[in-house]
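Some notes on the structure that comes next.
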Amino acid sequence: MTPEDILRYPARVLTQAQREAYFRDGYLVAERLIPDDIVDEINRVTADWIERSRALTKPNDVLDVAPGHTADRPVVRRLKKPDGMDPAYWQFANGIIADVAADLLGPDVCFHHSKLNFKWSDGKDEVAWHQDIAFYPHTNHSVLAIGTYLADVMPGDGPLGVIPGSHLGPVYEHYDANGIWTGRLTDADVAELPTDTAVYCPAPKGSITVHHARAVHATEATTQTVSGRPLLINSYASADAFPYTALKDTYTEHFRALVRGQAAKWAHMDPEPCPTPPDFSAGYTSIYAQQAGEAGTPTPRDPGHRPPAAVAAALKPAAE
């Protein structure tokens with residue numbers, strides 16, 4: 046469904062101007078959209094999981110903890126799949142933000158996955174420039190992520206940063222020159238992007254950010270946050286956008302659950318090719334661990350692919 050087709054449907058939550066801005070820029074911010082009582086309940090449930098994390102010495106299937114995590118000083122980086130961890134998270138995913146998704150994806154919307162990220166002011170929590178679609182390609186690119194700020198997020202708290210209009214540009218490989226998956230754009234690709242135009246999105250508690258799956262985005266390292274900057278992210282796709290890879294440790298029983306409208310009888314195919322991620326079947330911890338190159342994170346390119354350097358060597362004439 047084209048943006049023009051989507052915009053013909055009446056808006057449920059967003060204004061028409063917000064919808065148009067999203068399609069133009071690839072992101073939007075809606076301040077104080079979520080009522081305080083809903084955010085407070087999510088925070089209460091989240092605090093319970095932080096307490097449970099004290100018993101961990103390494104990441105598990107539901108919690109990613111940083112290398113410096115201890116019982117006395119828990120450093121949880123991510124709740125991997127909150128929609129399957131407590132009914133409150135799943136109820137939230139089906140609420141007002143599902144209407145936001147329908148405003149931007151069209152009337153038929155499927156849930157993809159959720160995660161709850163934290164930042165703890167240690168200067169090691171930067172997330173480099175990347176695109177979500179590279180992690181979970183779909184048959185078409187009508188895919189987005191909605192982040193909910195569960196606390197006030199100021200400039201030093203690592204708010205979302207997006208390069209406006211980058212969703213209309215290319216989809217980048219997230220591999221290095223040796224064909225190793227890094228979950229980030231290469232320095233050479235970043236150098237070609239107008240990063241000086243990047244917009245960072247601080248906003249008060251209860252605000253949401255939305256970004257297109259192709260939008261190039263990042264977050265800076267935190268310098269002042271005391272809240273842990275909890276950011277609950279829920280991803281959705283148009284019902285006719287079907288994923289063709291799987292993130293084993295990300296999906297729950299709600300994967301592809303219809304949250305608005307009707308199920309698709311046909312898959313819509315985007316004519317533009319998309320690079321594939323590595324085989325995540327052995328597990329996936331978090332983008333923090335992936336970009337940091339921590340032990341145990343899946344890195345190799347699919348065996349059917351070859352890194353650019355190898356391709357170039359293979360194409361050299363034998364005489365050389």
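Quick note: the sequence shown uses the working numbering, first residue 46, plus one each step.
Positions of the beta carbon are idealized from the N, C-alpha and C atoms, including for glycine.
C-alpha gap between residue i and residue j, whole angstroms
i, j, result
"residue 84", "residue 126", "18 angstroms"
"residue 217", "residue 173", "13 angstroms"
"residue 96", "residue 87", "15 angstroms"
"residue 275", "residue 268", "15 angstroms"
"residue 298", "residue 212", "29 angstroms"
"residue 238", "residue 256", "17 angstroms"
"residue 93", "residue 109", "15 angstroms"
"residue 192", "residue 48", "21 angstroms"
"residue 131", "residue 90", "8 angstroms"
"residue 155", "residue 52", "19 angstroms"
"residue 179", "residue 292", "12 angstroms"
"residue 65", "residue 80", "25 angstroms"
"residue 102", "residue 68", "43 angstroms"
"residue 189", "residue 158", "11 angstroms"
"residue 222", "residue 265", "24 angstroms"
"residue 210", "residue 175", "14 angstroms"
"residue 289", "residue 262", "23 angstroms"
"residue 244", "residue 100", "39 angstroms"
"residue 104", "residue 230", "25 angstroms"
"residue 205", "residue 310", "35 angstroms"
"residue 21", "residue 121", "In the structure as shown, the chain starts at 46 and stops at 365, and residue 21 therefore has no counterpart that could be examined."
"residue 197", "residue 236", "32 angstroms"
"residue 250", "residue 77", "7 angstroms"
Opening and closing residue of the beta strand (DSSP E) in which residue i lies
i, result
"residue 159", "154–162"
"residue 259", "Counting along the chain, residue 259 falls outside any beta strand (DSSP E), and DSSP gives it neither H nor E."
"residue 278", "276–283"
"residue 135", "Taken as a continuous stretch (DSSP letters only), residue 135 belongs to no beta strand (DSSP E), being part of the alpha helix (DSSP H) at 132–138."
"residue 110", "108–110"
"residue 8", "Outside the shown range of the chain (46 to 365) lies residue 8, about which nothing can therefore be said."
"residue 194", "188–194"
"residue 78", "No beta strand (DSSP E) contains residue 78, which DSSP labels as neither H nor E."
Local Cβ density within 10 Å of residue i, reported as buried at 16 or more and exposed below that
i, result
"residue 307", "exposed"
"residue 303", "exposed"
"residue 314", "exposed"
"residue 248", "buried"
"residue 194", "buried"
"residue 60", "exposed"
"residue 113", "exposed"
"residue 225", "exposed"
"residue 318", "exposed"
"residue 70", "buried"
"residue 368", "Lying outside 46 to 365, the shown extent of the chain, residue 368 is not represented and no answer is given."
"residue 119", "buried"
"residue 200", "exposed"
N-terminal and C-terminal residue of the alpha helix (DSSP H) that residue i is part of
i, result
"residue 94", "81–98"
"residue 122", "Run containing residue 122: none in the alpha helix (DSSP H); it sits in the beta strand (DSSP E), 121–124."
"residue 52", "48–52"
"residue 69", "61–70"
"residue 150", "141–150"
"residue 233", "232–236"
Assumed close pair residue i, residue j - CB separation to whole angstroms, cut-off 8 angstroms
i, j, result
"residue 321", "residue 182", "6 angstroms"
"residue 75", "residue 253", "5 angstroms"
"residue 278", "residue 164", "Incorrect: roughly 13 angstroms between the Cβ atoms, too far for contact."
"residue 56", "residue 305", "No, residue 56 and residue 305 are not in contact; Cβ-Cβ is about 13 angstroms, not under 8 angstroms."
"residue 312", "residue 287", "5 angstroms"
"residue 203", "residue 170", "7 angstroms"
"residue 138", "residue 128", "5 angstroms"
CB contact below 9 angstroms: residue i versus chain D
i, result
"residue 216", "Structure shown: chain D not included; a single protein chain is present."
Residue i beta carbon near the ligand PLP (any heavy atom closer than 8 angstroms)
i, result
"residue 228", "Absence of the ligand PLP is noted for the structure shown, with no ligands found whatsoever."
Open item on the list: With three or more C-beta pairs closer than 8 angstroms as the rule, is the stretch 144–151 touching the stretch 277–292?
Closed with: yes
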